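The sequence shown begins at 144 in this note's numbering and counts up one residue at a time. No residue lacks a Cβ here, since even glycine has one placed at the ideal position from N, Cα and C. Bear in mind that the values here come from a model prediction, so they are computed numbers and not experimental data. Below: one structure, written as structure tokens.
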Amino acid sequence: MATNPNPLAGLPDFLRPANAQTKVVSAPPMQVGAGNVTADVDSTNPTQIEVRNPAAFTPAVATHEADHVFQLSRNPGVTQNPGAQKLAMSAAGTPAMYDYGGPDGLIAARAAGKTIADFTPEQQATMASDFQLHTNDAIKRGDRVGLAKVTAAYEPFIGQQARLPGKSESMTTMTPQNLSPLAPSVPPVTVAGMPMQGSKLIGDQAQQQYVNTMQKHFQPAAAPKPATGLPLLATTR
Ligand SMILES: [Zn+2]
Numbered sequence: 144m145a146t147n148p149n150p151l152a153g154l155p156d157f158l159r160p161a162n163a164q165t166k167v168v169s170a171p172p173m174q175v176g177a178g179n180v181t182a183d184v185d186s187t188n189p190t191q192i193e194v195r196n197p198a199a200f201t202p203a204v205a206t207h208e209a210d211h212v213f214q215l216s217r218n219p220g221v222t223q224n225p226g227a228q229k230l231a232m233s234a235a236g237t238p239a240m241y242d243y244g245g246p247d248g249l250i251a252a253r254a255a256g257k258t259i260a261d262f263t264p265e266q267q268a269t270m271a272s273d274f275q276l277h278t279n280d281a282i283k284r285g286d287r288v289g290l291a292k293v294t295a296a297y298e299p300f301i302g303q304q305a306r307l308p309g310k311s312e313s314m315t316t317m318t319p320q321n322l323s324p325l326a327p328s329v330p331p332v333t334v335a336g337m338p339m340q341g342s343k344l345i346g347d348q349a350q351q352q353y354v355n356t357m358q359k360h361f362q363p364a365a366a367p368k369p370a371t372g373l374p375l376l377a378t379t380r
């Protein structure tokens, strides 16, 4: 089995700048409700991914956690908006906290005029990892129609997330009204003969490396953190 010394080597391109300094460390097991936490990002230490169950720390979880690091680097107006937080807390500890409806849900949400601001931090992070998973899966299967659907469903929302202002930048130039969809960035993958290419938000490297399976090399944690319930952006995965 191939191992990779850098568990973040396969991140989507849009998550790379915010994760340039991110450390992946091992941390003691932690439970939230009935579930074992796979990994989390503590909002008081926002460039550190704590892996609590290495066996479950897949590349998809790495992307999910790296998205939390990204969220914590952005203006909290969208990534931690009160409505979304309320939703997140009401579903905390259940699978519903991650459920944004999949590709069909996103297509319906866009038709209903929703933006990334209508989704919780957990849903946003799961959206990013699913975008990468579905893109790579469609490419692997040579499914042009599937890839076109995945791109159409996810790219508008992930594109909005990617463009959010930084932590201390004003939201005045980025309101829900101007969280407009990006123009499509990929060639018409449904056309036979065109190379199959996913969204530029994911990038070639992430599409090639994402198939690497378990990545086991972690730096030791500096100091174990006490389990203190479920802070707003600490996550069960
Ligand atoms: Zn999470």
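Opening and closing residue of the alpha helix (DSSP H) in which residue i lies
i      : result
Ser272 : Pro264 to Arg284
Glu208 : Pro202 to Leu215
Glu312 : Counting along the chain, Glu312 falls outside any alpha helix (DSSP H), and DSSP gives it neither H nor E.
Ala305 : Arg287 to Ala305
Asp247 : Gly245 to Ala254
Backbone secondary structure at residue i - three-state DSSP
i      : result
Met177 : The amino acid at residue 177 is misidentified as Met; the sequence shows Ala. Here Ala177 sits in coil by DSSP.
Lys166 : strand
Asp347 : helix
Gln223 : coil
Ala239 : helix
Leu151 : coil
Lys359 : In this prediction, Lys359 scores a pLDDT of 33, lower than 50, which makes its location untrustworthy; the coordinate-derived value is nonetheless stated afterwards. Lys359 falls in the coil class under three-state DSSP.
Pro338 : coil
Pro197 : helix
Pro160 : helix
Limits of the unbroken beta strand (DSSP E) element including residue i
i      : result
Ala182 : Ala182 to Val184
Ile192 : Gln191 to Val194
Same chain, Cβ closer than 7 Å to residue i, five either side skipped, listed in chain order
i      : result
Ala296 : Pro246, Leu249 and Ile250
Gly346 : Pro155 and Asp156
Straight-line gap, residue i to residue j (C-alpha atoms, nearest Å)
i      : j      : result
Gly178 : Gln350 : 30 Å
Lys283 : Ile301 : 22 Å
Gln164 : Arg287 : 36 Å
Ser313 : Gly285 : 42 Å
Leu151 : Ala254 : 34 Å
Asn188 : Ala239 : 26 Å
Gln362 : Met339 : Only weak support exists for where Gln362 lies, its pLDDT of 37 falling under 50; the coordinates are left without a value.
Thr356 : Ala198 : Caution is warranted here: a pLDDT of 34 is assigned to Thr356, below 50, making its placement in the model unreliable, and the coordinate value is therefore given only provisionally. Spanning the two alpha carbons is a distance of roughly 11 Å.
Arg306 : Ser186 : 21 Å
Arg159 : Asp242 : 24 Å
Ala291 : Pro202 : 23 Å
Pro299 : Val168 : 32 Å
Neighbourhood of residue i by C-beta, 8 Å cutoff - its chain only, sequence neighbours within 5 removed
i      : result
Val204 : Thr181, Ala182, Ser272 and Arg380
Val293 : Pro246, Phe274, His277, Thr278, Ala281 and Gly341
Ser311 : Asn218
* Asked: Are the region 209 to 224 and the region 259 to 270 in contact at 8 Å, needing three or more beta carbon pairs?
  -> The region 209 to 224 vs the region 259 to 270: in contact.
* Would you call the region 244 to 258 and the region 188 to 206 touching, i.e. three or more CB-CB distances under 8 Å? -> Pairwise C-beta distances place the region 244 to 258 out of contact with the region 188 to 206, as fewer than three of them are shorter than 8 Å.
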